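Written below as structure tokens is the structure these notes are about.
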Amino acid sequence: MDLPPPPAPPSALLAERARAGLEELILSGELAPGARLNEVALAARLGLSRGPLREALRGLEREGLVAAGPAGQGMSVRRLEPEEVAELYDMRALLQGFVLGRIAERAAAGTLPPGTMEGLRAQVAAMEADAGAGEAAGYYAGNLAFHEALLEAAGHRRAAGLYGSLLKESHLARQRSLARPAAMRESNAEHAAMLDAAAAGDAPRARALGEAHVAGGGKRRWLETLGGI
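This is the structure in structure tokens:
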């Protein structure tokens, strides 16, 4: 006796699968800023119908990764103007400072989960190895994981949500800014300095270094890519 086919996944799960697939294509750079999004081709590639795909596109539009074109022209990967990227760096700097200050306060109070600082330092060491080998893709992946670990160590869900949203919008600009070995090494030295201040429980210094890492170092490295340096 033949078994009945398994029930179809709920539409919400299909939309989430579509969103994750589209986000991966965009954040990897395979779908470049300004690229038109062909629903038929994308649905076929992801193995989904166009319904979940359209729902996913609406979600990514709210997150600032895609944008609707003029009537009848569909959606495209959002292309940020330099002024918009600069504003994202400014806002991320404030949150980064807050996050590092909180980690320092938790370190001083002895409320960080066991092994937190050791884990963060291990990530910095792994990024240093990638920077030394000129492995830009590996360094960038490690950088994303490191900043996620900082958010987890801070233990502040609202800050993590806001930072994650800003980070997604600025992703492609940041990736270009960390492509050169010198930029990777400089960025990672800033990571190490932030951790030293946080581990010492020096909240004012940790906060200042966190802000400077984004508004000073990160923003400057991005501006250098605009100048072709």
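Here the sequence shown is numbered in the UniProt record's numbering, starting from 1 and rising by one per residue. Glycine residues also receive a C-beta, built at the ideal position from the N, C-alpha and C atoms. None of these values were measured; they are calculated from a predicted model.
Could you check the C-alpha separation between E211 and R50 for me, to the nearest Å? Translated into positions along the sequence shown, residue 211 becomes position 211. Translated into positions along the sequence shown, residue 50 becomes position 50. Each residue's CA atom was taken as its position, placing E211 and R50 some 42 Å apart.
Measure the C-alpha to C-alpha separation of A44 and L65 and round it to an integer number of angstroms. Translated into the one-based positions of the sequence shown, residue 44 becomes position 44. Translated into the one-based positions of the sequence shown, residue 65 becomes position 65. Their Cα atoms are separated by approximately 21 Å.
How long is the line joining the alpha carbons of G134 and A145, rounded to whole angstroms? Sequence index remark: in the sequence shown, residue 134 carries index 134 (1-based). Sequence index remark: in the sequence shown, residue 145 carries index 145 (1-based). Straight-line Cα distance between these residues: approximately 18 Å.
Could you tell me which residues DSSP pairs with V77 in its beta bridges? Taking the sequence shown and counting its residues from 1, the one referred to as residue 77 is at position 77. For V77, which the question treats as bridged, DSSP gives the partners V66.
Rounded Cβ spacing between Q226 and E169 (contact assumed at less than 8 Å): Start at 1 with the first residue of the sequence shown, and residue 226 comes out as number 226. Start at 1 with the first residue of the sequence shown, and residue 169 comes out as number 169. Reading off the sequence, residue 226 comes out as Leu, not Gln. Not really, about 17 Å apart at Cβ, beyond 8 Å.
DSSP three-state call for R36: helix, strand or coil? Taking the first residue of the sequence shown as position 1, residue 36 is located at position 36. In the structure shown, R36 sits in a strand (DSSP, three-state: E or B).
Between L37 and S76, which are expected to be in contact by the criterion C-beta below 8 Å, what is the C-beta distance as a whole number of angstroms? By one-based count along the sequence shown, residue 37 stands at place 37. By one-based count along the sequence shown, residue 76 stands at place 76. Indeed, because the Cβ distance is near 6 Å, the residues count as touching under 8 Å.
With burial defined as no fewer than 16 other Cβ atoms inside 10 Å of the residue's Cβ, what is the status of A141: buried or exposed? Residue 141 sits at position 141 when you count from the first residue of the sequence shown. Exposed, by the Cβ-count rule.
Considering only their Cβ atoms, is the gap separating L14 from P52 smaller than 8 Å? Here the question's residue 52 lines up with position 52 in the sequence shown. Here the question's residue 14 lines up with position 14 in the sequence shown. Yes, the pair counts as a contact, with Cβ atoms nearer than the cut-off.
8 Å Cβ cutoff met for residue 230 and M194: The structure shown has nothing for residue 230, since the chain only spans 1 to 229.
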